[in-house]
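Heads up, the thing below is written out as structure tokens.
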Amino acid sequence: MEAGTITQADRPAPRQGPALGGRVRRVVGDALGTWRGKVGLALTLIVAAIAFIGPFVGPSSLALEGAPFEAPGGAAGTLGGDALGRDVLARVLDGGWRILLIAGAATILAIIFGTAAGVVSAYRGGKVDSLIMRSVDVLLGIPQLVFVLMLLSVIGAKTWLVILSVGLSQAPQVARVLRAAAQDVSERDYVKAVAAWGVPPRTVIRRHVVPSLISPLMVESALRLSFSIILVAGLAFLGLGTQPPTADWGLMINENRVGIAANPWGVLAPSILLAALAVGTNMFSDAVARANLAGGRTGDPSLDLFVTASADPKDAQPLEEVPK
Amino acid sequence: MSELNGTAGPAVEVKDLTVQMISSKVPIVSGVSFTVDEQQTIGLVGESGSGKSTVGVALLGFARRGLEISAGSVRVGDVDMLTLKGDEIRKARGRLVSYVPQDPAAGLNPAHRIGTQVREAFSVHEKLGKGELAERVSDLLAGVNLPDSKQFLRSYPHQLSGGQQQRVAIAIAFACRPRLIVLDEPTTGLDVTTQRRILETINELARDYRASAVYVSHDLPAVAEVASKTAVMYAGRIVEVAATKKLFNEPRHPYSAGLLHAAPSAAEANRLVGIEGRPPRPGHWPQGCAYAPRCPRVQDDCLRAMPELRPLDGGSLARCLHPIPAAAGGAIQVTAAPTPQRLDSTALQVEALFADYSGKGVLREIGFAVPRGECTAIVGESGSGKTTLARCLVGLHSSWQGAIRFEGEELRRAAAERDRNQLQRMQYIFQNPFGSLNPTMTVTENIEEPLRHFESLSRSERRQRALGILETVHLGQEFADVLPNRISGGERQRVAVGRALVVDPEVLVCDEITSALDVSVQALLVEQLRDLQLQRGLTMVFITHNLAVVRSIAQNVIVLQTGSIVEAGPVDRVLDDPQHPYTRQLLEDLPTLEPGEPTATADSAG
Chain A
42 MEAGTITQAD RPAPRQGPAL GGRVRRVVGD ALGTWRGKVG LALTLIVAAI
92 AFIGPFVGPS SLALEGAPFE APGGAAGTLG GDALGRDVLA RVLDGGWRIL
142 LIAGAATILA IIFGTAAGVV SAYRGGKVDS LIMRSVDVLL GIPQLVFVLM
192 LLSVIGAKTW LVILSVGLSQ APQVARVLRA AAQDVSERDY VKAVAAWGVP
242 PRTVIRRHVV PSLISPLMVE SALRLSFSII LVAGLAFLGL GTQPPTADWG
292 LMINENRVGI AANPWGVLAP SILLAALAVG TNMFSDAVAR ANLAGGRTGD
342 PSLDLFVTAS ADPKDAQPLE EVPK
Chain B
259 MSELNGTAGP AVEVKDLTVQ MISSKVPIVS GVSFTVDEQQ TIGLVGESGS
309 GKSTVGVALL GFARRGLEIS AGSVRVGDVD MLTLKGDEIR KARGRLVSYV
359 PQDPAAGLNP AHRIGTQVRE AFSVHEKLGK GELAERVSDL LAGVNLPDSK
409 QFLRSYPHQL SGGQQQRVAI AIAFACRPRL IVLDEPTTGL DVTTQRRILE
459 TINELARDYR ASAVYVSHDL PAVAEVASKT AVMYAGRIVE VAATKKLFNE
509 PRHPYSAGLL HAAPSAAEAN RLVGIEGRPP RPGHWPQGCA YAPRCPRVQD
559 DCLRAMPELR PLDGGSLARC LHPIPAAAGG AIQVTAAPTP QRLDSTALQV
609 EALFADYSGK GVLREIGFAV PRGECTAIVG ESGSGKTTLA RCLVGLHSSW
659 QGAIRFEGEE LRRAAAERDR NQLQRMQYIF QNPFGSLNPT MTVTENIEEP
709 LRHFESLSRS ERRQRALGIL ETVHLGQEFA DVLPNRISGG ERQRVAVGRA
759 LVVDPEVLVC DEITSALDVS VQALLVEQLR DLQLQRGLTM VFITHNLAVV
809 RSIAQNVIVL QTGSIVEAGP VDRVLDDPQH PYTRQLLEDL PTLEPGEPTA
859 TADSAG
């Protein structure tokens with residue numbers, strides 16, 4: 042009975058757990074188990090499919106097919122004509138992919154900048170923290186749209202600038218959320234253990250802090266994507282994004298709103314798609330956030346950052362299932 | 259109501275209590291029966307996951323989220339708590355059965371003054387005049403040795419110490435003179451001195467208020483101190499019930515004996531005997547005896563069916579087909595712990611160390627030497643600065659003055675400023691194994707982490723070293739690729755020890771590394787450290803509040819009180835012949851496994 046005299050075979054095998062990749066899969070899987078997640082993802086995928094497959098199947102989005110604001114079913118096509126008599130359906134099919142790409146790129150930018158600022162701020166603390174977070178506060182003080190409009194009106198409506206300005210305008214929010222999450226992680230003993238070996242902060246952040254932030258990062262990415270889409274579409278509406286005659290959902294709403302009585306589809310079709318996309322990404326991010334929080338209740342601490350590990354082994358006894 | 263049935267048998271009778279998960283119907287607690295006499299305190303002991311706390315709250319007719327009480331009865335006086343509905347049960351709680359939680363801070367509302375909360379305990383159940391209420395409150399507070407001054411009543415929970423908070427919680431529990439009080443690990447996390455006083459208070463109140471009490475705890479000495487009868491739980495069932503004295507001197511169930519073997523003694527330095535393996539999880543209970551897979555006395559028939567809880571010749575009840583014979587007296591055989599060879603050289607030298615937390619002094623003029631190859635324990639109560647001292651040693655706390663010399667070289671303050679070699683030769687093990695391993699990395703990846711930093715090895719060499727260390731800490735290859743959250747606390751702590759050892763350090767600083775573990779697991783870990791220390795000639799600095807563990811593993815001890823060293827020397831000298839009053843106090847307040855005469859009522863088992 043003395044330590045070590047019992048053979049390995051006598052010991053119950055540890056339960057097989059999901060690998061790290063499985064963690065993301067599990068949160069997403071849990072999110073998809075809810076109606077919120079299913080509907081959210083379905084809406085997002087449908088709109089994305091229209092946006093990315095549309096350009097290959099639709100007729101030319103630039104050809105003048107019929108009379109301005111021609112009623113649906115005529116020469117201009119199923120959804121009628123727009124302000125110049127172009128095919129609304131063709132323009133809807135061709136006008137989404139740019140928005141999605143620009144919004145996606147802006148989101149990636151926002152996440153990278155925001156995460157870097159938030160995590161470094163949280164881990165270094167002290168003056169670095171104050172400097173970064175006060176800058177973030179200043180940026181947060183400027184309304185998002187005003188910030189973007191300012192940049193675009195000074196430099197001009199360039200695609201790269203839209204991506205950069207939309208990305209930068211969202212980074213402060215990301216930084217705030219990630220700082221809070223990273224602060225918690227930085228205080229964990231496993232991060233301190235690594236610091237006690239004299240490992241440089243950059244390595245600690247890269248190897249130990251950021252991988253622990255996967256859950257809040259997922260939630261934040263989905264949320265920022267939906268905001269980016271709205272913002273990019275809004276810029277196009279205001280004429281500061283994609284320039285005519287290129288087809289663009291945001292731009293279409295502006296171009297066709299004067300003829301809304303003659304052919305409402307010129308405004309309705311892009312509006313419905315944009316709304317569906319924003320609602321879809323929002324619902325999905327919401328579902329991920331909920332699944333992430335519920336992960337804490339399964340007793341699986343790695344799934345949830347906002348539940349502090351308990352010193353009491355009793356608390357770590359996993360419940361076999363999550364009570365609904 | 260309370261005088262009605264003083265003669266109708268035991269005051270409290272629990273019968274076939276079963277608690278299960280709502281969705282899967284998997285039992286957590288199965289067929290628990292026991293009785294408690296008036297004024298009697300019964301101890302309910304067991305390790306984490308044994309179901310003891312679930313039984314504790316079930317006595318109030320309550321089940322944790324996702325659980326339900328599916329069968330059984332809890333008769334208190336002439337009322338069955340489990341048949342009450344809605345309003346009745348709310349009235350019965352507090353008045354008939356009351357509860358003292360483990361964490362007093364969680365039991366008190368942080369937003370209300372102490373006076374308000376104590377008065378509320380009365381006013382929920384009866385209308386009292388202002389004068390009478392004040393009188394009752396003052397009586398009650400006097401009973402738990404708290405002042406009833408205006409100032410005290412106007413304070414908020416956070417302004418009180420942990421011990422005072424627990425006293426308030428106990429006072430509230432006793433306020434309506436309940437027939438039964440459930441105390442759920444009320445002294446866990448309190449210092450020995452505070453714990454001693456709380457235990458005395460509980461005994462006095464149970465006597466004065468003629469109440470029965472159920473004392474749920476994993477702490478055997480504390481149970482020996484308060485309970486006249488003890489029930490041992492394992493895997494959701496009671497495996498042995500006996501008079502406390504009998505149980506502790508003559509355990510009949512191998513599991514009870516195992517628990518007692520595992521508990522360290524403050525009187526002698528013995529090898530500790532842990533219990534390998536882990537209890538079966540709910541839903542995975544074996545067909546036969548649940549303890550059979552870990553039992554040293556297991557025989558074929560143990561595996562066939564769950565044995566009944568049956569009376570044995572000596573008056574104990576045990577759920578065992580082959581109990582330890584009473585004649586053997588369960589006599590705990592002990593082996594003296596081996597001690598390392600004296601080397602007469604110093605590994606660490608601390609001189610005039612002062613440390614502070616943002617200007618607030620925590621350590622004052624600390625000076626001591628850690629002899630090479632030996633284990634030096636640093637003991638003290640919470641707030642004594644012992645963890646800060648450990649963190650100064652390893653450079654995790656950098657706000658200090660003075661000198662720390664490691665093999666003659668003076669160490670810089672922060673880990674980041676020290677050279678790689680110094681950092682590699684001194685490793686630190688954290689208190690909480692649930693936080694010290696990276697949850698996103700597998701066990702081997704965690705162990706490989708320091709190798710990445712300190713040595714340049716190829717990927718496969720690194721893995722080989724990590725797998726080798728897993729063997730060293732007695733974890734098999736099957737642990738290699740699992741995430742830390744899939745293994746138990748004891749196993750995690752072994753991984754943490756492995757991670758510290760993988761870079762071949764000379765000094766190991768262990769900060770309360772057994773305090774989050776069950777006693778059977780603690781024993782395994784202490785023995786493992788002892789063996790490693792002897793094999794590798796490790797120097798250890800062992801931070802703990804547990805004097806019994808100190809006796810078992812350490813050769814030297816340093817006693818810290820509020821940031822200063824009050825006594826230091828060889829363990830045997832300090833613990834056998836303490837010079838400083840504080841050390842004496844600590845030793846006196848330490849509950850021992852020698853049960854005295856805990857409550858007024860005589861022992862009555864079964």
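Chains A and B supply the protein sequences, listed in that same order. Residue numbering for the first sequence is 42 to 365, as defined by my numbering. Residue numbering for the second sequence is 259 to 864, as defined by my numbering. Virtual Cβ for every residue (Gly too), placed ideally from N, Cα, C.
Would you mind giving the Cβ-Cβ distance between residue i and residue j, rounded to the nearest angstrom? I have them listed as a contact below 8 angstroms.
i: V273/A; j: A147/A; result: 7 angstroms
i: G494/B; j: S288/B; result: 5 angstroms
i: M684/B; j: F664/B; result: 6 angstroms
Nearest-angstrom Cα distance between residue i and residue j?
i: E675/B; j: L317/B; result: 56 angstroms
i: T445/B; j: L457/B; result: 8 angstroms
i: A157/A; j: A329/B; result: 55 angstroms
i: G631/B; j: Y414/B; result: 49 angstroms
i: V731/B; j: A754/B; result: 10 angstroms
i: V334/B; j: V472/B; result: 12 angstroms
i: G337/A; j: L621/B; result: Any reading at G337/A must be qualified, since the residue scores a pLDDT of 39, below 50, and its modelled position is unreliable; no value is offered.
i: V68/A; j: P697/B; result: 15 angstroms
i: A758/B; j: V817/B; result: 26 angstroms
i: P828/B; j: G625/B; result: 15 angstroms
i: T299/B; j: A610/B; result: 49 angstroms
i: R323/B; j: A429/B; result: 27 angstroms
i: T634/B; j: Q751/B; result: 20 angstroms
i: S694/B; j: A482/B; result: 33 angstroms
i: G319/B; j: D336/B; result: 15 angstroms
i: P184/A; j: R77/A; result: 30 angstroms
i: S822/B; j: A648/B; result: 14 angstroms
i: R539/B; j: G307/B; result: 8 angstroms
i: A469/B; j: E271/B; result: 14 angstroms
i: S514/B; j: L478/B; result: 10 angstroms
i: L276/A; j: V203/A; result: 8 angstroms
Identify the continuous alpha helix (DSSP H) that holds residue i and give its terminal residues.
i: E296/B; result: Note, E296/B: premise wrong, no alpha helix (DSSP H); not H, not E.
i: F800/B; result: Counting along the chain, F800/B falls outside any alpha helix (DSSP H), though it belongs to the beta strand (DSSP E) covering T797 to T802.
i: L818/B; result: From DSSP, L818/B is part of no alpha helix (DSSP H) but of the beta strand (DSSP E) over N814 to Q819.
i: K273/B; result: Taken as a continuous stretch (DSSP letters only), K273/B belongs to no alpha helix (DSSP H), being part of the beta strand (DSSP E) at V270 to M279.
i: K349/B; result: G344 to R353
i: R220/A; result: T200 to S227
Where do the N-terminal and C-terminal ends of the beta strand (DSSP E) with residue i fall, by residue?
i: R495/B; result: R495 to A501
i: W658/B; result: W658 to F664
i: K283/B; result: Where K283/B is concerned, there is no enclosing beta strand (DSSP E), given that its DSSP letter is neither H nor E.
i: M491/B; result: K487 to Y492
i: L611/B; result: T604 to Y615
i: Q685/B; result: M684 to I687
i: F626/B; result: K618 to P629
Looking at chain D, is there any beta carbon in it that lies within less than 8 angstroms of the beta carbon of residue i?
i: S253/A; result: Looking for chain D here will not work: the only protein chains present are A and B.
- Message: Check whether the stretch 784-791 of chain B and the stretch 512-530 of chain B are in contact - that is, three or more C-beta pairs closer than 8 angstroms.
- Response: Yes, since at least three Cβ pairs between the stretch 784-791 of chain B and the stretch 512-530 of chain B fall closer than 8 angstroms, the two stretches touch.
- Task: Identify each residue in the stretch 693-709 of chain B for which the Cβ-Cβ distance to at least one residue of chain A is less than 7 angstroms, and report them in chain order.
- Result: G693, S694, L695, N696, P697, T698, E707 and P708
- Task: Inspect the CB distances between the stretch 476-489 of chain B and the stretch 285-300 of chain B and report whether three or more fall short of 8 angstroms.
- Result: The answer is yes - the stretch 285-300 of chain B touches the stretch 476-489 of chain B, with three or more Cβ pairs under 8 angstroms.
- Give the residues from the stretch 154-166 of chain A that approach chain B closer than 7 angstroms (Cβ to any Cβ), ordered along the chain. none
- Listed in chain order, which residues of the stretch 226-247 of chain A have Cβ atoms closer than 7 angstroms to some Cβ of chain B? Listed in sequence order: R229, D230, Y231, K233, A234, V235, A236, A237, W238, G239 and V240.
- Message: Does the stretch 271-290 of chain A come into contact with the stretch 121-139 of chain A, if we say contact requires no fewer than three beta-carbon pairs (one atom in each stretch) closer than 8 angstroms?
- Response: yes
- Task: Decide if the stretch 104-118 of chain A is in contact with the stretch 244-257 of chain A; the criterion is three or more beta carbon pairs, one per stretch, under 8 angstroms apart.
- Result: no
- Do three or more CB pairs link the stretch 119-129 of chain A to the stretch 301-311 of chain A at distances below 8 angstroms? yes
- Inter-stretch contact at 8 angstroms, needing at least 3 Cβ pairs: the stretch 432-450 of chain B / the stretch 356-369 of chain B: yes
- Query: Listed in chain order, which residues of the stretch 637-656 of chain B have Cβ atoms closer than 8 angstroms to some Cβ of chain A?
  - Reply: Listed in sequence order: V652, G653 and L654.
- Item | Chain-ordered residues of the stretch 501-516 of chain B with a beta carbon less than 7 angstroms from chain A | Going along the stretch 501-516 of chain B in chain order, one finds no residue with a Cβ nearer than 7 angstroms to chain A.
- Query: Taking a cut of 7 angstroms between CB atoms, which residues from the stretch 661-685 of chain B lie near chain A?
  - Reply: A673, A674, R676, R678 and L681
- Message: With three or more beta-carbon pairs closer than 8 angstroms as the criterion, would you say the stretch 250-264 of chain A touches the stretch 315-330 of chain A?
- Response: yes
- Message: Any contact between the stretch 712-726 of chain B and the stretch 765-774 of chain B? By contact I mean 3 or more CB pairs, one from each, below 8 angstroms.
- Response: no
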